[in-house]
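One structure is given below, encoded as structure tokens.
Protein chains: 6
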Amino acid sequence: MSELTHLDDQGRAHMVDVSGKEATARVATARGRLTCASATLDAVRKGKAPKGAVISTAEIAGIMAAKRTADLIPLCHPLALSKVSVTIAPDDDLPGFAVKAEVRTTGPTGVEMEALTAVSTACLTLFDMLKAIDRTMEISGIRVVSKTGGKSGDWGAVA
Amino acid sequence: MSELTHLDDQGRAHMVDVSGKEATARVATARGRLTCASATLDAVRKGKAPKGAVISTAEIAGIMAAKRTADLIPLCHPLALSKVSVTIAPDDDLPGFAVKAEVRTTGPTGVEMEALTAVSTACLTLFDMLKAIDRTMEISGIRVVSKTGGKSGDWGAVA
Amino acid sequence: MSELTHLDDQGRAHMVDVSGKEATARVATARGRLTCASATLDAVRKGKAPKGAVISTAEIAGIMAAKRTADLIPLCHPLALSKVSVTIAPDDDLPGFAVKAEVRTTGPTGVEMEALTAVSTACLTLFDMLKAIDRTMEISGIRVVSKTGGKSGDWGAVA
Amino acid sequence: MSELTHLDDQGRAHMVDVSGKEATARVATARGRLTCASATLDAVRKGKAPKGAVISTAEIAGIMAAKRTADLIPLCHPLALSKVSVTIAPDDDLPGFAVKAEVRTTGPTGVEMEALTAVSTACLTLFDMLKAIDRTMEISGIRVVSKTGGKSGDWGAVA
Amino acid sequence: MSELTHLDDQGRAHMVDVSGKEATARVATARGRLTCASATLDAVRKGKAPKGAVISTAEIAGIMAAKRTADLIPLCHPLALSKVSVTIAPDDDLPGFAVKAEVRTTGPTGVEMEALTAVSTACLTLFDMLKAIDRTMEISGIRVVSKTGGKSGDWGAVA
Amino acid sequence: MSELTHLDDQGRAHMVDVSGKEATARVATARGRLTCASATLDAVRKGKAPKGAVISTAEIAGIMAAKRTADLIPLCHPLALSKVSVTIAPDDDLPGFAVKAEVRTTGPTGVEMEALTAVSTACLTLFDMLKAIDRTMEISGIRVVSKTGGKSGDWGAVA
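Written out as structure tokens, the structure is:
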């Protein structure tokens, strides 16, 4: 048998059985970033265009994508999410945008994939809105930074 | 007026008008990577589990996500894609997986977002299938590496 | 802090946390109407075309849309609906069609949005099927008429 | 045969054949409104919560819904939209919010349903974000106000 | 290289490149059937329940599924369909229901998969509505019966 | 009143009320098959193309479709699935491919439709990948073979 839980004993991909797992409160937080030219950050922050529209569009896209996670990731279980928030902060040091998502559920599996999907889609949306003025952008640092609930217990990466 | 094309003259987000743009053949290529522990890469490559199942599931997820791009990215135009391919290669030097997507269309807008969405979703799918054995994974380096067709002409980043 | 629950303390849109709310039986009923020319109503009711096809198509569309509510409304929580019914009645007094939807769930949040989305989509479907013969149609009166379950208690508008 | 184009000669619902229709530039504009208590409008406009978040979330939801029209309305043809914009304006005279959507395509059918779906979903999203503070809201006046392109020629309702 | 067009020269699944193929008018017709007990057929045809609701719901489901084909079948190209019709006829000889779908497009690839998906989903919907009274139902005979347009020319199976 | 549970007392289609039903562990298994020419089976099994790519793509498509069941089948309740597996085996005796799906949930309704939708979509995906080399394929034998949990008790067809 494989040590990879998403493969059965013949190496076939399947959605793992969680019917014996208890529904508990679970939280996951993920982070990521879009790096861009300083001038791009300035266009969003200091230009005539209010930063709100770019950032709030990407935040909304991230929230909506969290709800589509099981549609996108083949072996993810569909879950009734109880909270999703996505926060995007311009950051001169990158330069770029720091993205953070927090997702909560009460269910038999964790919500790391929902948090990662929210961060990833928020970054893609920023990229889409800024690509006409910047060809050098890159999405990176997408990772889980903390997780609570479930059998494996609480866990926090260096956030 | 904003220099950001996705905002109108009041800074409101909108889907830009491409009705005056000619439908031309367009190609975009994007890349990204999932870094993980060497042991994780070994589990996929050398273990009892055939690497095929993990990698092919993620490639399929990337292809399907490319077709959902306009559903996920608020201001993306829906497009009839004429080709999508996603290639995932294990890489000992990372260590991790190098992901590449190529998307083609004949239409009035480019397909960078479709290629980026394919790469991003393939990385998320790898993450999902490997997260039970590795908490240190990170998705990074998601960027457009080349683009042909359209008014702005051909363009290639350092691939 | 805003008194608007869908905004956090910085005015940022988010999906509110319902993880502390108890799952209770909830029902919501919504109504709305499509007004049209009398001749349009006659074409549906008295013409050769059986009224069944127009009305039943719109009822089915309303039921299916209720299940898509969390996909459409950015900050709605995904919910496992336990009942959806949509009823469309031709009405000579409008003249037009009166639409009613009832939705039930056992969950931590109410189902008003699901009922409203069902009514709204049923009206849009009627509009689509009749627009070739009537340019004067209008959708109006979409509102919640009653709601039971949840912390805020039972409530009924003038139905 | 029915005079209703969406029914075949046996009264059966079907998606009408547009394969013989020429692809032409088409524009449709729709309007609608959400009426609410004056205090609700004040909470959005004058309160601590920036109006941007409520209004921009609803505008984005409307744009995204326009792209989902063929998924929601059973007999609508899928179309490659070339532009979507949604504009929401607070209006003290209603009191409430006036919503307008404009959609463009180059294709064999019109985009009235896409414009109406955008308006309808934007209204539903406003409703969702404000329902905690106002039980009296109502969505109404959803209609097509102008249409250009296609065999039936240009047409404008009293906007 | 594989003779299977959906695999690249390394046996990897991909969406084949159709960017060099001409957009032509294409039609595909598919058939299938749901067999059931005679008593089930009677319940739909002769009972108090009007047959319309069962059959028209399944026809609508088939039409809507045709539009979702590229979402469901991983390597299918998204297409702008120009016509979809689904016809369900009760058949005492089976006993059961005979299902037929016709799909048209003007595009670079055929629409067999759309017609097959429509038939398949219409059969599944009949199954869903009748499963409470019949455990012996079976879906079978799903196949393409004719196809016109495209490089491979016209073709008709024994319908 | 109709004996068909999906119709109300006026013969109108509706999603039946399951709010009074207890959430219990439920399992459903469905089977089906794609028959093809022997040469087609050989191309998948013995040719240069590794069989893995065709079969694993269809298995993944089946798993993903199970999660979309309530989107496709109008009166199906949305459910949080706890397990989905799809197994495809080449079979020289057919000749063709035998497809089996098992779905589990803890909920108020059964998962037969999810298992049937998984089998059906896996067959459609095989058809799509093989249609370029075989015009004689047919999907058949799609049925529920066993079911446990729920009021109607355990049940097994001849598998």
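As they're listed, the protein sequences go chains A, Z, U, L, W and R. Mind the numbering: the first sequence is residues 3 to 161 in the numbering used here, read in order. Mind the numbering: the second sequence is residues 3 to 161 in the numbering used here, read in order. Mind the numbering: the third sequence is residues 3 to 161 in the numbering used here, read in order. Mind the numbering: the fourth sequence is residues 3 to 161 in the numbering used here, read in order. Mind the numbering: the fifth sequence is residues 3 to 161 in the numbering used here, read in order. Mind the numbering: the sixth sequence is residues 3 to 161 in the numbering used here, read in order. Glycine residues also receive a C-beta, built at the ideal position from the N, C-alpha and C atoms. Quick caveat, the model's predicted, so the values are computed rather than measured.
Q: For the segment 60-89 of chain W, enumerate the residues whose C-beta is nearer than 9 Å to any C-beta of chain R, in chain order.
A: A60, I62, A63, M66, A67, R70, T71, D73, L74, I75, P76, L77 and C78
Verify the contact flag: Z/G158, CB atom, against every heavy atom of the ligand PLP, threshold strictly below 8 Å.
This structure simply doesn't include the ligand PLP, nor any ligand for that matter.
Exercise for the section: Could you round the C-beta distance between U/T108 and U/H79 to whole angstroms and report it? I think they count as a contact, below 8 Å. Expected result: On the third sequence, position 106 is the one that residue 108 of chain U refers to. On the third sequence, position 77 is the one that residue 79 of chain U refers to. Wrong, their Cβ atoms sit about 13 Å apart, outside the cutoff.
Which bits of chain L does W/S58 rub up against, with CB to CB less than 7 Å? Here residue 58 of chain W is taken as the residue at index 56 of the fifth sequence, counted from 1. A15, listed in chain order.
Practice prompt. With U/V120 as the anchor, note down where its alpha helix (DSSP H) starts and where it stops.
Written response: Working through the third sequence from its first residue, we reach residue 120 of chain U at position 118. Sequence inspection shows Ala at residue 120 of chain U; the Val mentioned does not correspond to that position. U/A120 -> alpha helix (DSSP H) spans E114 to L132.
### Message
Along the segment 88-121 of chain R, where does the CB come closer than 8 Å to a CB of chain U? Name the residues.
### Response
Residues of the segment 88-121 of chain R that bring their beta carbon within less than 8 Å of a beta carbon in chain U comprise G109 and P110, in sequence order.
Requested in this report: Return the bridge partner residues of A/E140 from the DSSP annotation.
Outcome: Counted from its first residue, the first sequence places residue 140 of chain A at position 138. According to DSSP, which records beta bridges pairwise, A/E140 is partnered with A/T37.
task = Give the residues of chain W in contact with U/A124, contact being defined as C-beta atoms less than 9 Å apart.
result = If you number the third sequence from 1, residue 124 of chain U lands on position 122. The premise fails here: U/A124 is roughly 13 Å from chain W at the closest Cβ pair, so nothing lies under 9 Å.
Q: Determine whether the Cβ of U/L46 lies closer than 9 Å to any Cβ atom of chain A.
A: Counted from its first residue, the third sequence places residue 46 of chain U at position 44. The question names Leu, but residue 46 of chain U is Val in the sequence shown. Output row for U/V46: interface = no.
Per the contact definition of three or more C-beta pairs closer than 8 Å, is the segment 60-71 of chain A in contact with the segment 71-86 of chain Z? yes
Kindly indicate the opening and closing residues of the alpha helix (DSSP H) around R/L74. Residue numbering aside, residue 74 of chain R sits at position 72 when the sixth sequence is read from its first letter. Run containing R/L74: T71 to L74, per the alpha helix (DSSP H) assignment.
Using the three-state DSSP reduction, which class does L/I90 fall into: helix, strand or coil? Locating residue 90 of chain L in the fourth sequence gives position 88, where the first residue counts as 1. For L/I90, the three-state secondary structure derived from DSSP is strand.
Ordered along the chain, which non-local residues of its own chain (more than five positions away) have a Cβ less than 7 Å from that of W/C125? Residue mapping note: residue 125 of chain W aligns to position 123 of the fifth sequence, counting from 1. Counting only Cβ-Cβ distances below 7 Å, and skipping sequence neighbours, we find G34, L36, V101 and I141.
Beta carbon of U/A82, beta carbon of L/A15: below 9 Å? Start at 1 with the first residue of the third sequence, and residue 82 of chain U comes out as number 80. Start at 1 with the first residue of the fourth sequence, and residue 15 of chain L comes out as number 13. Going by C-beta atoms, U/A82 is not nearer than 9 Å to L/A15.
>> Short of 8 Å Cβ to Cβ, which residues in the segment 129-149 of chain U face chain W?
In response: none
Looking at chain Z, is there any beta carbon in it that lies within less than 9 Å of the beta carbon of A/L43? Numbered from its first residue, the first sequence carries residue 43 of chain A at position 41. Among the residues facing chain Z, A/L43 is not included, as its CB has no counterpart in that chain under 9 Å away.
So for R/S148, helix, strand or coil by DSSP?
Numbered from its first residue, the sixth sequence carries residue 148 of chain R at position 146. Three-state result, R/S148: strand.
So what's A/M3 in DSSP terms, helix, strand or just coil?
Taking the first sequence and counting its residues from 1, the one referred to as residue 3 of chain A is at position 1. For A/M3, the predicted structure reports a pLDDT of 36, less than 50, and the residue's modelled location is therefore unreliable. A value from the coordinates is still provided. Three-state DSSP puts A/M3 in coil, outside helix and strand.
Cβ separation of U/S58 and R/M17, assumed to be a contact under 8 Å, to the nearest whole Å: As a first step, residue 58 of chain U is located in the third sequence; it is residue number 56 there, counting from the start. As a first step, residue 17 of chain R is located in the sixth sequence; it is residue number 15 there, counting from the start. Going by Cβ atoms, the distance from U/S58 to R/M17 rounds to 14 Å, so no, they are not a contact pair.
Against chain L, with Cβ distances strictly below 9 Å, would Z/D11 count as a contact? What you label residue 11 of chain Z is simply residue 9 of the second sequence in a count that begins at 1. Answer no: the Cβ-Cβ gap between Z/D11 and chain L never drops below 9 Å.
Short of 6 Å in beta carbon distance, which residues of its chain neighbour Z/L132, apart from the five on each side in sequence? Order them along the chain.
Numbered from 1 along the second sequence, position 130 holds the residue referred to as residue 132 of chain Z. Only T42 meet the Cβ criterion.
For W/K149, count the other beta carbons within 10 Å of its own beta carbon; 16 or more makes it buried, fewer makes it exposed. Which is it? Taking the first residue of the fifth sequence as 1, we reach residue 149 of chain W at position 147. Classification of W/K149: buried, given that the 10 Å Cβ count is 16 or more.
* Asked: By Cβ distance, which residues of its chain are closer than 6 Å to U/K23, with the 5 residues on each side in sequence left out?
  -> Translated into positions along the third sequence, residue 23 of chain U becomes position 21. Closer than 6 Å at Cβ, skipping near neighbours: P110.
Exercise for the section: Measure the CB-CB distance between U/L118 and U/I90 and report whether it falls below 9 Å. Expected result: Taking the first residue of the third sequence as 1, we reach residue 118 of chain U at position 116. Taking the first residue of the third sequence as 1, we reach residue 90 of chain U at position 88. Against a cut-off of 9 Å, the Cβ pair of U/I90 and U/L118 comes out as no contact.
Partners in chain U for L/T127, counting only beta-carbon separations shorter than 7 Å | On the fourth sequence, position 125 is the one that residue 127 of chain L refers to. Simply I75 and P76.
Could one say the Cβ of A/D19 lies closer than 9 Å to chain R's Cβ atoms, at least one of them? As a position in the first sequence, residue 19 of chain A is number 17, starting the count at 1. Interface residue, yes.
**Prompt:** Using the rule of at least 16 other Cβ atoms within 10 Å of the residue's Cβ for burial, across every protein chain shown, is R/V160 buried or exposed?
**Reply:** Counted from its first residue, the sixth sequence places residue 160 of chain R at position 158. With a pLDDT of only 48 at R/V160, under the threshold of 50, the placement of this residue in the model should not be trusted; the figure read from the coordinates follows. Result: exposed.
Exercise for the section: Could you give the DSSP three-state label for Z/E24: helix, strand or coil? Expected result: To locate residue 24 of chain Z, count along the second sequence from 1; it is residue 22. Z/E24: coil per DSSP, three-state reduction.
Buried or exposed: L/K69, going by 16 or more other Cβ atoms within 10 Å of its Cβ? By 1-based counting over the fourth sequence, the position of residue 69 of chain L is 67. That one is buried.
### Query
If we ignore side chains and look at the alpha-carbon of each, how far apart do A/S40 and Z/T7 end up?
Taking the first residue of the first sequence as 1, we reach residue 40 of chain A at position 38. Taking the first residue of the second sequence as 1, we reach residue 7 of chain Z at position 5. Looking at the two C-alpha atoms, the distance is approximately 18 Å.
Problem - Contacts of U/A27 in chain R (Cβ-Cβ under 8 Å) - result: Residue mapping note: residue 27 of chain U aligns to position 25 of the third sequence, counting from 1. Within 8 Å Cβ-Cβ: S21.
Tell me the rounded alpha-carbon separation between U/C38 and L/V147.
The sequence position of residue 38 of chain U within the third sequence is 36, counting from 1. The sequence position of residue 147 of chain L within the fourth sequence is 145, counting from 1. Cα-Cα distance, rounded: 15 Å.
Exercise. On the three-state DSSP scale, how would you describe U/G2?
Worked result: Given that chain U is displayed from residue 3 to residue 161, the structure contains no residue 2 of chain U and the question cannot be resolved.
How about W/E5: is its C-beta nearer than 9 Å to some C-beta of chain U?
-> Walking along the fifth sequence from the start, residue 5 of chain W turns up at place 3. Taking Cβ atoms only, chain U never reaches closer than 9 Å to W/E5, which makes this a no.
- Query: If Z/S21 and L/R106 are in contact, beta carbons under 8 Å, what's the gap, nearest whole angstrom?
  - Reply: On the second sequence, residue 21 of chain Z is found 19 positions in, with the first residue counted as 1. On the fourth sequence, residue 106 of chain L is found 104 positions in, with the first residue counted as 1. Right, the Cβ-Cβ distance comes to about 5 Å (below 8 Å), so this counts as a contact.
For chain W, find out if any of its Cβ atoms is closer than 9 Å to the Cβ of U/A55; answer yes or no. Walking along the third sequence from the start, residue 55 of chain U turns up at place 53. Interface residue, yes.
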